[in-house]
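Be aware that the sequence shown starts at 1, since it is given in the UniProt record's numbering, and climbs by one per residue.
In this text, a Cβ means the ideal position worked out from N, Cα and C, and glycines have one as well.
Working notes for the structure below.
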Amino acid sequence: MGIELNTPETADLGRALAALREWQSDDAPMQLHPGDLGWFWRFGADATAAAVRTWSQDGRVLAFGFLDGDDVLRVTTAPERLHDAALAERMAADIADPERGVLPAGKVNVEVPTGAALHDHLAAIGWGTDEAWTPLRRDLTAPVEDPGLRIETAGPGQAELRAGLHRSAFEGSTFSADHWRAMASGPEYADARCLIGYDGPDAVAAVTVWSAGPGRPGIIEPMGVHADHRGRGHGKAVCVAAAAALRDLGASSALVCTPSTLTGAVATYRSAGFEPLPERLDRHREG
(Lines of atoms letter the chains of each structure in order from A and count residues from 1; the text may use other names and numbers.)
(Lines give C-alpha, C1' and ligand atoms only; values in the text may rest on other atoms or scores of the structure.)
Protein backbone atom coordinates (compact mmCIF):
# COMPACT_ATOMS: atom_id res chain seq x y z
CA MET A 1 0.00 0.00 0.00
CA GLY A 2 1.22 3.51 -0.81
CA ILE A 3 1.53 6.53 1.46
CA GLU A 4 -1.84 8.02 2.38
CA LEU A 5 -2.66 11.59 3.42
CA ASN A 6 -5.40 11.84 6.07
CA THR A 7 -7.20 14.30 8.31
CA PRO A 8 -8.03 12.29 11.45
CA GLU A 9 -11.49 12.39 12.93
CA THR A 10 -11.62 13.76 16.47
CA ALA A 11 -12.08 10.24 17.85
CA ASP A 12 -8.99 9.00 15.98
CA LEU A 13 -6.66 11.83 16.97
CA GLY A 14 -5.28 9.91 19.96
CA ARG A 15 -3.43 7.40 17.77
CA ALA A 16 -1.68 10.15 15.84
CA LEU A 17 -0.75 11.99 19.03
CA ALA A 18 0.63 8.77 20.52
CA ALA A 19 2.96 8.46 17.53
CA LEU A 20 4.06 12.07 17.92
CA ARG A 21 4.90 11.45 21.58
CA GLU A 22 6.99 8.40 20.70
CA TRP A 23 9.07 10.42 18.23
CA GLN A 24 10.29 12.90 20.85
CA SER A 25 13.98 12.38 21.59
CA ASP A 26 16.97 14.37 22.77
CA ASP A 27 18.84 12.97 19.77
CA ALA A 28 16.35 14.49 17.31
CA PRO A 29 16.42 18.05 15.97
CA MET A 30 13.86 20.45 17.42
CA GLN A 31 10.51 19.31 16.07
CA LEU A 32 6.76 19.50 16.47
CA HIS A 33 5.85 18.42 20.03
CA PRO A 34 2.58 17.10 21.52
CA GLY A 35 2.54 20.21 23.66
CA ASP A 36 2.11 22.33 20.54
CA LEU A 37 -1.16 20.50 19.96
CA GLY A 38 -1.98 20.76 23.66
CA TRP A 39 -1.71 24.55 23.52
CA PHE A 40 -3.88 24.65 20.37
CA TRP A 41 -6.52 22.57 22.20
CA ARG A 42 -7.72 25.86 23.70
CA PHE A 43 -9.85 26.07 20.56
CA GLY A 44 -11.45 22.69 21.26
CA ALA A 45 -11.04 19.07 20.24
CA ASP A 46 -12.79 19.38 16.87
CA ALA A 47 -10.69 22.40 15.83
CA THR A 48 -7.52 20.57 16.85
CA ALA A 49 -8.42 17.47 14.86
CA ALA A 50 -9.26 19.62 11.83
CA ALA A 51 -5.79 21.18 12.00
CA VAL A 52 -3.98 17.82 11.83
CA ARG A 53 -2.71 16.03 8.73
CA THR A 54 -1.00 12.65 8.81
CA TRP A 55 0.88 10.61 6.24
CA SER A 56 0.51 6.87 6.87
CA GLN A 57 1.40 3.55 5.28
CA ASP A 58 -0.04 0.16 6.16
CA GLY A 59 -1.84 1.73 9.12
CA ARG A 60 1.31 3.29 10.61
CA VAL A 61 1.73 7.05 10.96
CA LEU A 62 4.95 8.14 9.22
CA ALA A 63 4.61 11.93 9.38
CA PHE A 64 2.50 14.46 11.24
CA GLY A 65 1.43 17.92 10.12
CA PHE A 66 -0.24 20.65 12.16
CA LEU A 67 -1.87 23.75 10.69
CA ASP A 68 -0.90 26.40 13.24
CA GLY A 69 -3.15 29.01 11.65
CA ASP A 70 -4.36 29.26 8.07
CA ASP A 71 -0.96 29.65 6.40
CA VAL A 72 1.59 27.84 8.60
CA LEU A 73 2.12 24.09 8.55
CA ARG A 74 4.39 22.50 11.14
CA VAL A 75 5.58 19.01 10.25
CA THR A 76 7.75 16.21 11.58
CA THR A 77 8.32 12.55 10.78
CA ALA A 78 9.06 9.29 12.49
CA PRO A 79 12.80 9.45 13.34
CA GLU A 80 13.76 6.72 10.90
CA ARG A 81 11.91 8.55 8.09
CA LEU A 82 13.60 11.95 8.50
CA HIS A 83 15.72 11.31 5.40
CA ASP A 84 13.20 9.16 3.48
CA ALA A 85 13.13 10.53 -0.07
CA ALA A 86 9.89 8.81 -1.10
CA LEU A 87 8.01 10.15 1.92
CA ALA A 88 9.48 13.63 1.46
CA GLU A 89 8.52 13.66 -2.22
CA ARG A 90 4.93 12.71 -1.41
CA MET A 91 4.71 15.28 1.40
CA ALA A 92 6.10 18.05 -0.81
CA ALA A 93 3.56 17.27 -3.53
CA ASP A 94 0.68 17.29 -1.04
CA ILE A 95 1.86 20.49 0.64
CA ALA A 96 2.35 22.34 -2.64
CA ASP A 97 -1.06 21.46 -4.16
CA PRO A 98 -3.87 23.52 -2.58
CA GLU A 99 -6.47 21.05 -3.86
CA ARG A 100 -5.11 18.34 -1.56
CA GLY A 101 -6.28 20.25 1.53
CA VAL A 102 -3.00 20.67 3.36
CA LEU A 103 -2.22 24.35 2.72
CA PRO A 104 -4.17 27.00 0.80
CA ALA A 105 -2.93 28.81 -2.30
CA GLY A 106 -0.82 31.91 -1.86
CA LYS A 107 1.85 32.82 0.66
CA VAL A 108 2.48 30.00 3.14
CA ASN A 109 5.20 28.73 5.46
CA VAL A 110 6.23 25.23 6.45
CA GLU A 111 8.22 24.47 9.60
CA VAL A 112 10.45 21.45 8.96
CA PRO A 113 13.03 19.84 11.30
CA THR A 114 16.60 20.74 10.42
CA GLY A 115 18.17 18.14 8.16
CA ALA A 116 14.90 16.57 6.99
CA ALA A 117 14.69 15.41 3.37
CA LEU A 118 11.56 17.52 2.97
CA HIS A 119 13.75 20.65 2.87
CA ASP A 120 15.43 19.47 -0.33
CA HIS A 121 12.17 18.44 -1.97
CA LEU A 122 10.47 21.77 -1.23
CA ALA A 123 13.56 23.63 -2.45
CA ALA A 124 13.47 21.60 -5.67
CA ILE A 125 9.97 22.92 -6.45
CA GLY A 126 10.93 26.53 -5.76
CA TRP A 127 10.26 27.05 -2.06
CA GLY A 128 12.77 29.37 -0.42
CA THR A 129 13.70 29.93 3.21
CA ASP A 130 12.10 32.46 5.50
CA GLU A 131 12.18 33.42 9.18
CA ALA A 132 14.99 32.09 11.35
CA TRP A 133 14.13 30.50 14.68
CA THR A 134 16.41 29.77 17.62
CA PRO A 135 15.74 26.52 19.50
CA LEU A 136 17.13 26.34 23.03
CA ARG A 137 17.56 23.36 25.34
CA ARG A 138 18.22 22.85 29.04
CA ASP A 139 19.37 19.46 30.26
CA LEU A 140 17.39 18.23 33.27
CA THR A 141 19.75 15.56 34.58
CA ALA A 142 20.73 17.68 37.59
CA PRO A 143 18.32 19.29 40.08
CA VAL A 144 17.11 22.76 39.13
CA GLU A 145 17.96 25.79 41.26
CA ASP A 146 15.39 27.83 43.16
CA PRO A 147 13.76 30.32 40.76
CA GLY A 148 13.63 33.16 43.25
CA LEU A 149 9.89 33.71 42.85
CA ARG A 150 6.96 32.14 44.63
CA ILE A 151 5.49 29.69 42.14
CA GLU A 152 1.98 28.28 42.17
CA THR A 153 0.40 25.73 39.83
CA ALA A 154 -2.71 27.18 38.22
CA GLY A 155 -5.95 25.22 38.45
CA PRO A 156 -9.51 26.05 37.44
CA GLY A 157 -9.74 28.63 40.20
CA GLN A 158 -6.86 30.60 38.63
CA ALA A 159 -8.06 30.32 35.02
CA GLU A 160 -9.03 33.98 34.78
CA LEU A 161 -5.77 35.11 36.38
CA ARG A 162 -3.72 32.87 34.08
CA ALA A 163 -5.57 34.15 31.03
CA GLY A 164 -5.16 37.77 32.09
CA LEU A 165 -1.41 37.34 32.51
CA HIS A 166 -1.20 35.94 29.00
CA ARG A 167 -3.21 38.78 27.48
CA SER A 168 -0.97 41.32 29.20
CA ALA A 169 2.20 39.58 28.04
CA PHE A 170 1.06 39.16 24.42
CA GLU A 171 -0.55 42.26 22.99
CA GLY A 172 -3.65 41.44 20.96
CA SER A 173 -4.16 38.01 22.51
CA THR A 174 -7.76 36.91 23.09
CA PHE A 175 -6.84 34.04 25.43
CA SER A 176 -9.63 33.63 27.98
CA ALA A 177 -10.59 31.54 30.99
CA ASP A 178 -12.81 29.47 28.69
CA HIS A 179 -9.80 28.85 26.45
CA TRP A 180 -7.80 27.74 29.47
CA ARG A 181 -10.53 25.32 30.53
CA ALA A 182 -10.74 23.86 27.02
CA MET A 183 -6.96 23.42 26.94
CA ALA A 184 -6.92 21.81 30.37
CA SER A 185 -9.62 19.36 29.28
CA GLY A 186 -7.44 18.02 26.46
CA PRO A 187 -5.53 14.73 26.74
CA GLU A 188 -2.08 16.36 26.51
CA TYR A 189 -2.73 18.47 29.60
CA ALA A 190 -2.46 15.34 31.76
CA ASP A 191 1.30 15.80 31.33
CA ALA A 192 1.32 19.59 31.52
CA ARG A 193 1.36 22.33 34.14
CA CYS A 194 0.48 26.02 34.13
CA LEU A 195 2.67 27.97 36.54
CA ILE A 196 2.15 31.47 37.91
CA GLY A 197 5.02 33.45 39.41
CA TYR A 198 4.39 35.91 42.25
CA ASP A 199 6.53 38.83 43.38
CA GLY A 200 5.06 39.48 46.80
CA PRO A 201 1.28 39.62 46.32
CA ASP A 202 1.51 40.38 42.59
CA ALA A 203 1.13 37.76 39.88
CA VAL A 204 3.91 38.80 37.49
CA ALA A 205 4.54 35.97 35.01
CA ALA A 206 3.11 32.72 33.73
CA VAL A 207 4.31 29.71 31.78
CA THR A 208 2.83 26.44 30.53
CA VAL A 209 5.01 23.34 30.24
CA TRP A 210 4.26 20.12 28.38
CA SER A 211 5.87 16.75 28.97
CA ALA A 212 5.87 13.98 26.36
CA GLY A 213 6.44 11.34 29.03
CA PRO A 214 9.38 10.20 31.18
CA GLY A 215 12.76 10.27 29.51
CA ARG A 216 11.62 12.53 26.65
CA PRO A 217 12.08 16.26 26.12
CA GLY A 218 9.34 18.61 27.26
CA ILE A 219 8.60 22.10 25.97
CA ILE A 220 7.66 25.55 27.18
CA GLU A 221 4.63 26.92 25.30
CA PRO A 222 3.96 29.75 26.08
CA MET A 223 5.81 31.96 28.59
CA GLY A 224 5.08 35.60 29.27
CA VAL A 225 5.64 38.41 31.79
CA HIS A 226 2.94 40.91 32.71
CA ALA A 227 3.49 44.22 30.95
CA ASP A 228 3.70 46.10 34.27
CA HIS A 229 6.44 43.88 35.68
CA ARG A 230 9.01 43.58 32.90
CA GLY A 231 12.72 44.21 33.26
CA ARG A 232 13.00 42.67 36.74
CA GLY A 233 14.21 39.17 35.93
CA HIS A 234 10.79 37.53 36.21
CA GLY A 235 11.08 35.92 32.79
CA LYS A 236 14.28 34.17 33.81
CA ALA A 237 12.74 33.10 37.11
CA VAL A 238 9.60 31.59 35.61
CA CYS A 239 11.71 29.76 32.97
CA VAL A 240 13.77 28.19 35.76
CA ALA A 241 10.50 27.18 37.45
CA ALA A 242 9.34 25.69 34.14
CA ALA A 243 12.49 23.58 33.92
CA ALA A 244 11.94 22.34 37.48
CA ALA A 245 8.33 21.42 36.72
CA LEU A 246 9.34 19.46 33.63
CA ARG A 247 12.00 17.63 35.62
CA ASP A 248 9.35 16.71 38.19
CA LEU A 249 7.23 15.35 35.31
CA GLY A 250 10.13 13.12 34.26
CA ALA A 251 11.28 15.07 31.22
CA SER A 252 14.88 14.57 30.13
CA SER A 253 15.27 18.14 28.92
CA ALA A 254 13.35 21.37 28.47
CA LEU A 255 13.01 22.88 25.00
CA VAL A 256 11.78 26.19 23.70
CA CYS A 257 11.91 27.90 20.31
CA THR A 258 11.64 31.60 19.56
CA PRO A 259 12.15 33.83 16.51
CA SER A 260 15.83 34.74 16.29
CA THR A 261 14.86 38.40 15.87
CA LEU A 262 13.50 38.41 19.44
CA THR A 263 16.94 38.83 20.94
CA GLY A 264 15.51 39.70 24.35
CA ALA A 265 13.62 36.40 24.50
CA VAL A 266 16.73 34.47 23.49
CA ALA A 267 18.70 36.26 26.20
CA THR A 268 16.02 35.47 28.81
CA TYR A 269 16.10 31.75 28.05
CA ARG A 270 19.90 31.70 28.04
CA SER A 271 19.95 33.40 31.44
CA ALA A 272 17.73 30.57 32.73
CA GLY A 273 20.25 27.93 31.67
CA PHE A 274 18.95 27.13 28.19
CA GLU A 275 21.62 26.60 25.55
CA PRO A 276 20.95 27.69 21.96
CA LEU A 277 20.89 25.03 19.25
CA PRO A 278 21.53 25.66 15.53
CA GLU A 279 19.05 28.04 13.95
CA ARG A 280 16.13 26.59 12.03
CA LEU A 281 14.73 28.16 8.86
CA ASP A 282 11.11 27.89 7.73
CA ARG A 283 10.34 26.98 4.13
CA HIS A 284 8.29 29.60 2.32
CA ARG A 285 6.23 29.94 -0.84
CA GLU A 286 5.62 33.48 -2.05
CA GLY A 287 2.34 32.66 -3.74
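Check	Outcome
Whole angstroms are fine: how far does the CA of A184 sit from the CA of G59?	30 Å
Of the residues I95, H179, H119 and R232, which one's Cα is nearest the Cα of V204?	R232
Figure out for me which residue from P113, L103, L136 and R100 has the closest Cα to the Cα of L255.	L136
At 3 residues or longer, what runs of the beta strand (DSSP E) sit wholly inside the segment 179-254?	192-199, 202-210 and 218-225
When the Cβ atoms of the segment 38-52 are set against those of the segment 4-18, are three or more pairs found closer than 8 Å?	yes
Alpha carbon to alpha carbon, what distance is there between G115 and H83?	8 Å
Which whole-angstrom value is the C-beta distance of H33 and R283, which I expect to be below 8 Å?	Not a contact, Cβ separation roughly 19 Å.
Leaving out five residues on either side along the sequence, give the residues of the same chain with a beta carbon under 6 Å from the beta carbon of A244.	V144
Using the C-alpha atoms, what's the distance from L62 back to T77?	6 Å
State whether the segment 38-47 contacts the segment 84-93, with contact taken as three or more CB pairs (one from each stretch) at a distance under 8 Å.	no
Taking buried to mean at least 16 other C-beta atoms within 10 Å of its own C-beta, is E221 buried or exposed?	buried
Are M91 and G65 close, meaning C-beta to C-beta below 9 Å?	yes
Rounded to whole angstroms, what is the Cα-Cα separation between F170 and G2?	44 Å
Determine the extent of the beta strand (DSSP E) in which I151 is found, giving its start and end residues.	R150 to T153
Quick one, are the C-beta atoms of A206 and A272 less than 9 Å apart?	no
Would DSSP call A63 helix, strand or coil?	strand
Could you name the residues of the same chain whose beta carbon sits closer than 7 Å to that of S252, not counting the 5 residues immediately before and after it, in chain order?	D26, L140, G215, R216 and P217
Select from H234, T129 and T174 the residue whose C-alpha is nearest the C-alpha of G148.	H234
Apart from the five residues just before and just after K236, which ones in its own chain have a Cβ nearer than 7 Å to its Cβ?	T268, S271 and A272
Specify, as a first and last residue, the run of the alpha helix (DSSP H) that D94 falls within.	A85 to A96
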